[in-house]
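Worksheet: one structure, shown below.
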Amino acid sequence: MTNTSRSESALLAGLRAPASAEPSLPDPYDFSVVLGGPLYQIIRRAHLSGDALQLWRRRILFITLIAWLPLLILSVLGGRAWGNAVAVPFLLDIEVHVRWLVTLPLLIVAELVVHQRMLPLVRQFLERGLIPDVSRAKFDAAVTAAQRLRNSAVAEGLLIVLVYVVVLFIWPHYGVLNVATWYAVPGGGGRQLSPAGWWFVYVSLPLFQFILVRWYFRMFLWIRFLWQVARCTLTLVPTHPDRVAGLGFLSSSVVAFAPLLAAHGTLLAGAIANRIFFEGATLLQFKVEIIVVVAFLLLVVLGPLLLFTPHLAAARRVGLREYGTLAQRYVREFDDKWLRGHASAGEPLLGSADIQSLADLGNSFELVRSMRMAPITRDAILQLAVITLLPVAPLLLTMISLEELLKRLVQVLL
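My numbering applies: residue 0 is where the sequence shown begins, and numbers increase by one.
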């Protein structure tokens, strides 16, 4: 057999053989704070989530069937779903319905939103050239450490222990209404749980608290990662048009946490509503709590961006010095050329590129001078604050009638 025929035979054999393409490895810089951990692997195997947190409707329905539906059934069987058997029957408990039918779905939707919006953020540090070669190893170590902690079974186990400690020892003192409810009736120096109450305390409430506390753990992961990145040497460009030397992508990322803040707003509104309707409280009694919750959430979401303030301040100082020196050199030469008679004979002033260059240099210097000291915008602060407070707004109707409220709004607008 000739060499040509052997080559053709080998080519045909290769075409007939099944392709054994190696699976592509995931990009280590596509880091998501929500995509990982033992629970994520469990819900994937249970077909409650896809590889990128799809099937969120299925997860909401499944958790609702476990956490909320048994409470309804047991309350109906125990005669505490409606009527006058207790001061707070199940169907009138605003907080429990808001918690499982509004807040919990928002927390699950927030997982998908945060994953999709924040997945490319880590790679942005590299694509924008913000991490120089001398800091690349430290940056890679920060990404690896964040992924390792996110996937830690020990961390999620500790969260479960923490949740049951809170539910069994702290919640009875601060989270329970001081009246007879569908889940517990005061008596015997404590509270006697109903059948629905047992499921509520040992299944429904811990499940909700775990999902909520796991969000705080994820925020800790994000803050810790940004802190480690802020310890790296960064290559910032003070004339970047985002006015934060190229870190503007961080300020636009915080909107991804809007569903999470809305979930906290609904949780706060439900708790306040129960106290208003069943304990005779007023909305103004909770003004401190409302302010503290909004301030805490804004601090958690926006506060980590302040870690880059020293870098931005240094970039601004260096930029003002360097661009100031460049501007001084240019305007002196411009002055000598056009005002002191050093221009070439016959060179027209009209249409000269020197004037446009002078204007461009002035714009560059103004960009440096107007740099912000943190990648945070006023619009982001207002948006997140409004999103958090919006669920509490309907409770204003407990203080003033809808007609009177609309009348005052019209007076303000006109």
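Idealized CB from N, CA, C, for every residue including glycine. Predicted model only: the values in this text are computed from it and were never measured.
Practice prompt. Using the DSSP secondary-structure output, state which residues sit across from P185 in a beta bridge.
Written response: Position 186 of the sequence shown, counted from the start, is the residue given in the question as residue 185. Note: P185 sits in a beta bridge opposite R190.
Worksheet entry | Proximity winner among V184, L34 and L319, relative to V85 (alpha-carbon distances) | Locating residue 85 in the sequence shown gives position 86, where the first residue counts as 1. Looking at the Cα atoms, V184 is the closest of the given residues.
Practice prompt. Below 7 Å CB to CB, which residues in the same chain sit around S369 once its five sequence neighbours on both sides are set aside?
Written response: On the sequence shown, residue 369 is found 370 positions in, with the first residue counted as 1. R242.
Item to complete: Please state if the CB of A262 and the CB of L106 are separated by a distance shorter than 7 Å.
Response: Within the sequence shown, numbered from 1, the residue matching residue 106 stands at position 107. Within the sequence shown, numbered from 1, the residue matching residue 262 stands at position 263. Yes, the pair counts as a contact, with Cβ atoms nearer than the cut-off.
Worksheet item: If you follow the alpha helix (DSSP H) that P237 is part of, which residue opens it and which one closes it?
Response: Taking the sequence shown and counting its residues from 1, the one referred to as residue 237 is at position 238. Where P237 is concerned, there is no enclosing alpha helix (DSSP H), because DSSP gives it neither an H nor an E.
Fill in: Distance, R217 Cα to F124 Cα
Indexing the sequence shown from 1 puts residue 124 at position 125. Indexing the sequence shown from 1 puts residue 217 at position 218. Their backbone Cα atoms lie some 20 Å apart in a straight line.
Item to complete: Name the two residues that bound the continuous alpha helix (DSSP H) containing Q123.
Response: Position 124 of the sequence shown, counted from the start, is the residue given in the question as residue 123. It spans L120 to E126 - the alpha helix (DSSP H) in which Q123 sits, taken as one unbroken run.
Discussion item. Does E94 pass the burial test, meaning 16 or more other C-beta atoms within 10 Å, or should it be called exposed?
Written reply: For this step, residue 94 is matched to residue 95 along the sequence shown. By the neighbour-count rule (16 or more Cβ atoms within 10 Å), E94 is buried.
Discussion item. The alpha helix (DSSP H) that contains S356, what's its start and end?
Written reply: Along the sequence shown, one-based indexing puts residue 356 at 357. Its alpha helix (DSSP H) spans residues A352 to R368.
Worksheet item: Can you tell which of V202, L38, D378 and L389 has its C-alpha closest to the C-alpha of V153?
Response: Walking along the sequence shown from the start, residue 153 turns up at place 154. It is L38.
Worksheet item: By the 10 Å Cβ neighbour count, where 16 or more other Cβ atoms means buried, how is N83 classified, buried or exposed?
Response: Locating residue 83 in the sequence shown gives position 84, where the first residue counts as 1. Per the 10 Å Cβ criterion, exposed.
Discussion item. Taking the alpha-carbon of P398 as reference, which of F285, R116 and Y215 has the nearest alpha-carbon?
Written reply: The residue given as residue 398 occupies position 399 in the sequence shown. In the sequence as displayed, the identity of residue 398 is Met instead of Pro. Residue F285 is the option with its Cα nearest to M398.
Item to complete: Quick one: residues in its chain with C-beta nearer than 7 Å to the C-beta of F30, no 5 flanking neighbours on either side, listed in chain order?
Response: Indexing the sequence shown from 1 puts residue 30 at position 31. Contacts found: V121, V142, A145 and Q146.
Fill in: Buried or exposed (CB count within 10 angstroms, at least 16 for buried), G279
Counted from its first residue, the sequence shown places residue 279 at position 280. So G279 counts as exposed.
Worksheet entry | Sequence-distant residues of its chain with Cβ nearer than 7 Å to P69 (five each side left out) | As a first step, residue 69 must be located in the sequence shown, where it is residue number 70. If we look at P69 and ignore the five residues flanking it on each side, its Cβ neighbours are W198.
Worksheet item: By DSSP, does V87 sit in helix, in strand, or in coil?
Response: Walking along the sequence shown from the start, residue 87 turns up at place 88. In the structure shown, V87 sits in a strand (DSSP, three-state: E or B).
Worksheet item: Under the rule that 16 or more other beta-carbon atoms within 10 Å means buried, what is F168, buried or exposed?
Response: Sequence index remark: in the sequence shown, residue 168 carries index 169 (1-based). By the neighbour-count criterion, in which a residue is buried when 16 or more other Cβ atoms sit within 10 angstroms of its Cβ, F168 is exposed.
Fill in: 6 Å Cβ shell around T308 - same chain, five flanking residues per side excluded
In the sequence shown, counting from the first residue as 1, residue 308 sits at position 309. M372 and A373, listed in sequence order.
Practice prompt. Quick one: measure Cβ to Cβ for Y329 and L360, integer angstroms, because I've assumed they're closer than 8 Å.
Written response: Here residue 329 corresponds to residue number 330 of the sequence shown, with the count starting at 1. Here residue 360 corresponds to residue number 361 of the sequence shown, with the count starting at 1. Right, the Cβ-Cβ distance comes to about 6 Å (below 8 Å), so this counts as a contact.
Worksheet entry | C-beta atoms of G269 and V87 nearer than 7 Å | Taking the first residue of the sequence shown as position 1, residue 269 is located at position 270. Taking the first residue of the sequence shown as position 1, residue 87 is located at position 88. No, these two residues do not count as a Cβ contact at 7 Å.
Worksheet entry | Burial state of D92 (16 or more Cβ within 10 Å) | On the sequence shown, residue 92 is found 93 positions in, with the first residue counted as 1. Looking at its Cβ environment, which holds 16 or more other Cβ atoms inside 10 Å, D92 is buried.
Practice prompt. Please confirm whether S252 and T376 have their CB atoms less than 7 Å apart.
Written response: Taking the first residue of the sequence shown as 1, we reach residue 252 at position 253. Taking the first residue of the sequence shown as 1, we reach residue 376 at position 377. Not a contact, by the Cβ cut-off of 7 Å.
Discussion item. Quick check on the burial criterion: 16 or more other C-beta atoms within 10 angstroms. Buried or exposed for I41?
Written reply: One-based indexing of the sequence shown puts residue 41 at position 42. Around the Cβ of I41, a 10 Å sphere holds fewer than 16 other Cβ atoms; the residue is exposed.
Worksheet item: What does T180 pair with, by DSSP beta-bridge criteria?
Response: Working through the sequence shown from its first residue, we reach residue 180 at position 181. Looking at the DSSP assignment, T180 forms a beta bridge with V87.
Practice prompt. Starting from the Cα of Y215, find the closest Cα among V228, L325 and V162 and give me that residue.
Written response: What you label residue 215 is simply residue 216 of the sequence shown in a count that begins at 1. Taking only the C-alpha atoms, the option nearest Y215 is V162.
Worksheet item: By a C-beta neighbour count over all protein chains shown, 10 Å radius and 16 as the cutoff for buried, is G49 buried or exposed?
Response: Taking the first residue of the sequence shown as 1, we reach residue 49 at position 50. Classification for G49: exposed.
Worksheet item: alpha helix (DSSP H) containing H96: first to last residue?
Response: Counting from 1 along the sequence shown, the entry for residue 96 is found at position 97. If you look at H96, you'll find it in the alpha helix (DSSP H) that goes I93 to V97.
Item to complete: Run through the stretch 21-64 for me and flag every whole alpha helix (DSSP H) of 4 or more residues, listed as ranges in chain order.
Response: 37-44
Worksheet item: Alpha carbon to alpha carbon, what distance is there between V228 and P119?
Response: Translated into the one-based positions of the sequence shown, residue 119 becomes position 120. Translated into the one-based positions of the sequence shown, residue 228 becomes position 229. The straight-line gap from Cα to Cα measures roughly 15 Å.
Worksheet item: Going by the beta-carbon positions, is the gap between G35 and R127 smaller than 7 Å?
Response: Here residue 35 refers to the residue found at position 36 of the sequence shown. Here residue 127 refers to the residue found at position 128 of the sequence shown. Not a contact, by the Cβ cut-off of 7 Å.
Worksheet entry | Rounded C-alpha distance that separates V385 from R223 | Within the sequence shown, numbered from 1, the residue matching residue 385 stands at position 386. Within the sequence shown, numbered from 1, the residue matching residue 223 stands at position 224. Whole-angstrom Cα-Cα distance: 27 Å.
Worksheet item: With burial defined as no fewer than 16 other Cβ atoms inside 10 Å of the residue's Cβ, what is the status of A51: buried or exposed?
Response: Mapped onto the sequence shown, residue 51 falls at position 52. Flag for A51 reads exposed.
Worksheet entry | beta strand (DSSP E) runs contained entirely in the stretch 191-268, provided each spans 3 or more residues | none
Discussion item. My output table needs one value for L338: the three-state DSSP class, helix, strand or coil.
Written reply: Translated into the one-based positions of the sequence shown, residue 338 becomes position 339. DSSP places L338 in coil when its eight states are reduced to three.
Worksheet entry | Three-state secondary structure (DSSP) of W81 | Counted from its first residue, the sequence shown places residue 81 at position 82. The answer is coil: DSSP assigns W81 none of H, G, I, E or B.
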